[in-house]
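> Take any residue in the sequence shown, note its place counting from 1, add 24, and you have its number in the working numbering. Don't be surprised by glycine CBs; every beta carbon is placed ideally from N, CA and C. Below you will find the structure I want to go over with you.
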Amino acid sequence: MRTRRPRSQDKFECYEEGTKKMITFMTKVVTFSLSEKNAGTLQAINIIDLSCYIFYDKREGKMKDILTYKSGKFYFCHETEMVIVDNLLFKANLLYETVTDLPILPGMSARLDPKIMYSSISGTAMIEGNPIEEEGVKKIAAGEEMPLYTQKDKQEIKNLLSLYQILSEMEPQNGPLIVSEDFIKTMHRIITTEIPHEYNIPGAYRNGEVIVGDKGHGGVYRPPKILADVKMLMKEFVAWLNSEEILGLNPFLRAALAHYHLCLIHPFWDGNGRTARFLESCLLHSANIKYVPKELSNYYYRNVDDYYAAFSKSIKNRKDVTPFIQFMLEGVVESLMDIKESITFLIRRFALRDFYTHEQKNRAISKRQFALLSLLLDNPIAFTLKDLMDNYPFKILYQKASEQTARRDIKKLLEKNLLKEDDAKKYELNYRALG
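Okay, here's the thing in structure tokens:
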């Protein structure tokens with residue numbers, strides 16, 4: 025089917041592909057079917073000058089295209105290569121079940137959650153050029169001044185800390201999260217509050233043209249140009265995202281589609297990427313998916329060139345979003361692997377601490393050896409014999425002991441497989457002492 029703009033203010037014209045037949049409709053909202061063979065449906069919507077109309081392809085059921093006022097056609101699409109996507113979804117779901125089955129005590133969760141949050145905030149900010157790394161985010165959260173960074177960089181981090189606190193307090197829902205324009209605007213307002221920008225108003229759509237990307241990162245993209253197009257597309261975006269069809273998708277897919285299409289519309293002057301990534305996080309969090317919502321931003325930052333390339337490839341495909349969905353799901357799998365490793369590490373630490381206590385109570389190791397092992401659990405660093413005698417924090421334990429005593433302690437802990445030695449004669453904790 026092809027369509028064109030109406031010639032007058034009171035009718036809408038449509039030609040069925042391959043025929044000379046013209047169908048004319050009045051300008052009020054109408055819905056009609058062309059034929060059983062070409063079971064498409066055209067919905068014409070009168071918006072002042074009738075410059076917008078929408079085509080729903082019911083044969084595919086996976087695309088909605090909109091002709092904007094000044095920016096050409098815009099596609100909402102969830103068409104993908106099923107073999108690629110289904111394989112990644114299978115891996116992601118299997119890994120997620122493995123992670124959620126791991127025993128996580130409250131103390132472990134309290135240690136893991138802030139670390140993931142700080143690294144996620146750093147990751148999503150650094151994608152946009154903010155230089156503050158995870159440790160800096162942690163210090164800003166603790167109220168430190170951080171004079172080496174600009175006020176703008178620090179304010180961006182403070183805004184994200186506020187936003188992620190809201191995410192942490194969000195309760196998982198019984199059903200999928202219903203997204204509104206006001207919800208998206210609120211996220212953007214928090215993200216860009218007190219951030220200087222020539223045009224951006226926190227929580228307000230842009231009224232002007234922007235250029236996104238560069239040739240070095242997959243090419244240049246020109247989002248919808250005018251405020252009327254942005255408003256129209258944002259209205260259609262939330263309607264599409266909340267439609268029965270999209271609500272019924274796997275939560276990972278719906279979140280990725282929200283991320284991709286919001287970036288595609290690029291509704292704000294500034295903060296679009298951070299807003300889209302946070303929307304993705306909210307959708308995953310509301311689906312009761314743990315850890316992944318915050319971990320994904322780190323993956324995007326670590327693979328930032330591929331992140332932009334995935335956008336570019338999907339934009340060029342128009343009706344197939346496989347490149348971006350594939351990239352996101354690969355990130356889910358990688359993030360879950362990292363989370364599984366982190367949780368397993370915490371479980372090992374907990375088990376080792378309990379084992380050291382058992383060994384010390386049964387006099388299999390001395391109090392000093394127990395103290396050394398406990399110190400290494402809290403400060404996982406490699407050390408030499410000289411470090412034990414001369415360097416903090418070890419010298420506190422060995423200030424009254426001889427070098428021979430320190431040597432004996434190392435020898436015994438090596439024999440019990442509680443320490444391991446590398447080729448440089450450095451020693452470190454053996455986290456696999458219990459298997």
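(1) Could you tell me if residue 443 is buried or exposed, where buried requires 16 or more neighbouring beta carbons within 10 angstroms of its beta carbon?
(2) Starting from residue 363, follow the alpha helix (DSSP H) in both directions and report where the run begins and ends.
(3) Between which residues of its own chain and residue 95 is the CB-CB distance below 6 Å, once the five residues before and five after are set aside?
(4) In whole angstroms, what is the alpha-carbon distance linking residue 119 and residue 357?
(5) What are the partner residues of residue 407, as DSSP defines its beta bridges?
(6) When we look at the beta-carbon of residue 67 and count the other beta-carbons within 10 Å, is it buried (16 or more) or exposed?
(7) Put residue 440 into one of helix, strand or coil per three-state DSSP.
(8) In terms of residues, what are the limits of the alpha helix (DSSP H) holding residue 97?
(9) Are residue 132 and residue 370 close, meaning C-beta to C-beta below 8 Å?
(10) Residue 72 to residue 98, Cα distance in whole Å?
(11) What would DSSP say about residue 88, mapped onto helix, strand or coil?
(12) Which residue wins for smallest C-alpha separation from residue 309, given the options 192, 142, 429 and 436?
(13) Excluding five sequence neighbours on each side, which residues of the same chain lie with their C-beta closer than 8 Å to the C-beta of residue 182?
(14) For residue 330, does the three-state DSSP call read helix, strand or coil?
(15) Assuming residue 285 contacts residue 261 (C-beta within less than 8 Å), just tell me the rounded distance between them.
(16) Pull the bridge partners of residue 236 from the DSSP assignment, please.
(17) Could you check whether residue 263 and residue 304 sit closer than 8 Å to each other, using their CB atoms as the reference points?
(18) At what residue ranges does the region 274-321 contain a whole run of the alpha helix (DSSP H), taking only runs of 4 or more?
(19) For residue 121, which of helix, strand or coil comes out of DSSP?
(20) By alpha-carbon positions, which one of 258, 338, 117 and 115 ends up nearest to residue 104?
(21) Whole angstroms are fine: how far does the CA of residue 166 sit from the CA of residue 153?
(22) Please say whether residue 457 and residue 353 have beta carbons closer to each other than 8 Å?
(23) Can you give me the Cβ contacts of residue 211 inside the same chain, cut-off strictly under 6 Å, excluding the 5 residues immediately before and after it?
(24) Pairs of beta-carbons, one from the region 171-188 and one from the region 200-210, closer than 8 Å: are there three or more?
(25) Here's the rule: buried if 16 or more other CB atoms are within 10 angstroms of the residue's CB, otherwise exposed. What is residue 15?
(26) If you count every other CB in all the chains shown that lies within 10 Å of the CB of residue 141, and 16 or more means buried, which is it?
(27) Does residue 221 pass the burial test, meaning 16 or more other C-beta atoms within 10 Å, or should it be called exposed?
(28) Comparing C-alpha positions only, which one of 454, 439 and 93 sits nearest to residue 256?
(29) What did DSSP end up calling residue 445 once you bin it into helix, strand or coil?
(30) Could you pull out every residue in the same chain whose Cβ sits closer than 6 Å to the Cβ of residue 281, ignoring the five residues on either side in sequence?
(31) Does the region 384-403 touch the region 416-426, meaning 3 or more C-beta pairs lie closer than 8 Å?
(32) Excluding five sequence neighbours on each side, which residues of the same chain lie with their C-beta closer than 6 Å to the C-beta of residue 265?
(33) Please say whether residue 430 and residue 409 have beta carbons closer to each other than 8 Å?
(34) Less than 8 Å between the beta carbons of residue 348 and residue 330, yes or no?
(35) I need the boundaries of the alpha helix (DSSP H) containing residue 183, first residue and last residue.
(36) Quick one: Cα of residue 43 to Cα of residue 342, how far?
Short version:
(1) buried
(2) Residue 363 -> alpha helix (DSSP H) spans 346-385.
(3) Cβ-Cβ distances below 6 Å link residue 95 to 248, 249 and 253 in the same chain, with the five nearest sequence neighbours on each side left out; the list follows chain order.
(4) 7 Å
(5) Answer is 451, bridged to residue 407.
(6) Caution applies to residue 67, whose pLDDT of 37 falls short of 50 and renders its modelled position unreliable; the model cannot decide the point.
(7) coil
(8) No alpha helix (DSSP H) contains residue 97, which is instead part of the beta strand (DSSP E) from 97-101.
(9) yes
(10) Only weak support exists for where residue 72 lies, its pLDDT of 33 falling under 50; the value from the coordinates is given anyway. Using only the alpha carbons, I get a separation of about 19 Å.
(11) strand
(12) 192
(13) 164
(14) helix
(15) 6 Å
(16) 245
(17) no
(18) 275-289 and 296-310
(19) helix
(20) 338
(21) 23 Å
(22) Taking 8 Å as the Cβ cut-off, residue 353 and residue 457 do not qualify as a contacting pair.
(23) 299 and 302
(24) no
(25) Residue coverage of the chain in this structure runs from 25 to 459, which leaves residue 15 outside it and unanswerable.
(26) buried
(27) exposed
(28) Of the candidates 454, 439 and 93, the one whose C-alpha sits nearest the C-alpha of residue 256 is 93.
(29) strand
(30) 102
(31) yes
(32) 203 and 282
(33) yes
(34) Their beta carbons are not under 8 Å apart, which means residue 348 does not touch residue 330 by this criterion.
(35) 175-193
(36) Its pLDDT being 36, under 50, residue 43 is placed unreliably by the model, and nothing is read from it.
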